[in-house]
Amino acid sequence: MTRSLPLPLQPRIKIWFESGGEYAFGFGLCEILKAVREQGSIKIAAESIGRSYRHVWGRIKDAEAILGRPLVQTRVGGKSEQRSELTEEASQLLESFLTLRESMKRELEREFAAAFTKK
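Heads up: the sequence shown begins at 80 in the working numbering, then just goes up one per residue.
What follows is the structure, encoded as structure tokens:
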């Protein structure tokens, strides 16, 4: 006989990376970098996620200082157009974080189902 937990619960997980004991990268910065990658502009990225330019710029600069490397490059194009792009390292960090997060979510859901389903 199988018995499920009678409460409407869903497991959640939060992960982040630290460097030298300091917060370096997590879901918030992940969302910022995804927006910069998609929008090509820090200003438009900030607007798209409902944050101020100053907040987004500050989070990027704080992470760059902790990691000791740039995450975003700004290039000036023709007619004074600026374009912001993720560095190769930032792209790799972002993709690795997203992959790890999805893997951990799947494992958490599997363990949750095993723990709360009685046979």
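Every residue gets a Cβ at the ideal spot worked out from N, C-alpha and C, and that includes glycine.
This structure is a prediction, so every number in the text was calculated from the model and none was measured.
- For GLN152, there is no enclosing alpha helix (DSSP H); the enclosing beta strand (DSSP E) covers residues 151-155.
- Here the alpha carbons of PRO90 and ARG189 stand approximately 10 Å from one another.
- Exposed is the label assigned to PHE106, since fewer than 16 other Cβ atoms lie within 10 Å of its Cβ.
- Spatial neighbours of LYS113 in its own chain (CB-CB distance under 8 Å, excluding positions within 5 residues in sequence) are listed in chain order as LEU173.
- When the Cα atoms are used, PHE104 and ILE139 turn out to be separated by approximately 10 Å.
- Closest option to ALA169, judged by alpha-carbon separation, among GLU143, ILE92, LEU88, VAL135: GLU143.
- In the DSSP assignment, GLY105 forms a beta bridge with TRP95.
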